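A.B. asks: Please find one structure pasted underneath; my questions will follow.
Numbering (the working numbering), first residue to last: 1155 to 1388.
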């Protein structure tokens, strides 16, 4: 689950906040002596920026910055208000206060914190097992609008290199990659109809994109949209 919030910082800069929460498909095995009712939860705050040419429709992303990460173990039945032995409302409020405090420590913008917490509890309500962890990410994205690229003709990638693109399963990637947006369209990688075995094309430089985004790109431009790695040309 995710939400985009966009606001213009200046005529030359656009700022987006993306909050996303998901229960991952791989169980968390380092449980130690904790009861099976406890679920592992990780909150992360990342920043990424880059120049965007409206004329070329191209973003060159700078290296990702992980601002802060915080990890918790929460008692899932109490979060879901299913536990009759504890006071679930009290436990839920206590956890919510702890999360808000952590988001402040993580320097998540104050206006985005309620949305992030709401996304987390939506996933909690849908969680069926505490064996699978919940990842919550806040992505702070800044696009600097520029139009000073040279107007040189850039050749397309060779058809054989486009057809031979490596494809990897979405659920095999790490959290930072899964929860980041596609660098071309800035939409989530995970699609409602994609399923756990959804495939993403990966360039030799190890950057991932939506298939429907990278194919048209490479048919016009042989350079990776992120790092400008040159794909083979005809």
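Ideal placement from N, C-alpha and C gives every residue a C-beta, glycine not left out.
Please read all numbers here as calculations on a predicted model, not as lab measurements.
Among the candidates 1243, 1362 and 1184, whose CA atom is the shortest distance from the CA of residue 1225?
C.D. replies: Taking the chain shown and counting its residues from 1, one reaches residue 1225 at position 71. That would be 1184, whose Cα lies nearest to the Cα of residue 1225.
A.B. asks: Looking at the unbroken beta strand (DSSP E) that takes in residue 1197, where does it start and where does it end?
C.D. replies: To locate residue 1197, count along the chain shown from 1; it is residue 43. 1192-1207 is the extent of the beta strand (DSSP E) around residue 1197.
A.B. asks: On the DSSP letters alone, give me the boundaries of the beta strand (DSSP E) that residue 1366 sits inside.
C.D. replies: Taking the first residue of the chain shown as position 1, residue 1366 is located at position 212. Counting along the chain, residue 1366 falls outside any beta strand (DSSP E), though it belongs to the alpha helix (DSSP H) covering 1365-1372.
A.B. asks: Whose C-beta lies closer than 7 Å to the C-beta of residue 1270 among residues of the same chain, with five residues either side of it excluded?
C.D. replies: Here residue 1270 corresponds to residue number 116 of the chain shown, with the count starting at 1. So the list reads 1173, 1257, 1262, 1290 and 1292, once near-sequence residues are dropped.
A.B. asks: Return the bridge partner residues of residue 1384 from the DSSP annotation.
C.D. replies: As a first step, residue 1384 must be located in the chain shown, where it is residue number 230. Beta-bridge pairing links residue 1384 to 1377.
A.B. asks: Here's the rule: buried if 16 or more other CB atoms are within 10 angstroms of the residue's CB, otherwise exposed. What is residue 1267?
C.D. replies: For the purposes of this step, residue 1267 is identified with residue 113 of the chain shown, where counting begins at 1. Burial call: buried.
A.B. asks: I believe residue 1316 touches residue 1372 by the beta-carbon criterion, under 8 Å. Please report the beta-carbon distance rounded to the nearest angstrom.
C.D. replies: Your numbering for residue 1316 matches position 162 in the chain shown. Your numbering for residue 1372 matches position 218 in the chain shown. Going by Cβ atoms, the distance from residue 1316 to residue 1372 rounds to 5 Å, so yes, they are a contact pair.
A.B. asks: My output table needs one value for residue 1189: the three-state DSSP class, helix, strand or coil.
C.D. replies: Start at 1 with the first residue of the chain shown, and residue 1189 comes out as number 35. Of the three classes helix, strand and coil, the one that applies to residue 1189 here is coil, per DSSP.
A.B. asks: Mind pulling the beta strand (DSSP E) runs of 3 or more residues that sit fully within the segment 1216-1247?
C.D. replies: Complete beta strand (DSSP E) runs here, min 3: 1219-1229.
A.B. asks: Return helix, strand or coil for residue 1325, following the three-state DSSP convention.
C.D. replies: The count along the chain shown starts at 1 and reaches residue 1325 at position 171. In this structure, residue 1325 counts as helix in the three-state DSSP scheme.
A.B. asks: Residue range of the beta strand (DSSP E) that residue 1356 falls in?
C.D. replies: For the purposes of this step, residue 1356 is taken as the residue at position 202 of the chain shown. Per DSSP, residue 1356 belongs to the beta strand (DSSP E) from 1353-1356.
A.B. asks: Would you say the beta carbon of residue 1293 is closer than 6 Å to some non-hydrogen atom of the ligand PLP?
C.D. replies: Of the ligands one can find in the structure shown there are none, so the ligand PLP has no counterpart to examine.
A.B. asks: Would you mind giving the Cβ-Cβ distance between residue 1201 and residue 1219, rounded to the nearest angstrom? I have them listed as a contact below 8 Å.
C.D. replies: The residue labelled residue 1201 in the question sits at position 47 within the chain shown. The residue labelled residue 1219 in the question sits at position 65 within the chain shown. About 4 Å; that satisfies the 8 Å criterion.
A.B. asks: For residue 1198, count the other beta carbons within 10 Å of its own beta carbon; 16 or more makes it buried, fewer makes it exposed. Which is it?
C.D. replies: Translated into positions along the chain shown, residue 1198 becomes position 44. The residue in question, residue 1198, is buried, as its Cβ has 16 or more Cβ neighbours within 10 Å.
A.B. asks: For residue 1285, collect the residues of the same chain with a Cβ closer than 6 Å to its Cβ; drop the 5 residues on either side in sequence, then sort them by chain order.
C.D. replies: Within the chain shown, the letter at position 131 stands for residue 1285. Contacts found: 1181.
A.B. asks: So what does DSSP say about residue 1344, is it helix, strand or coil?
C.D. replies: The count along the chain shown starts at 1 and reaches residue 1344 at position 190. Reduced to three states, the DSSP call for residue 1344 is coil.
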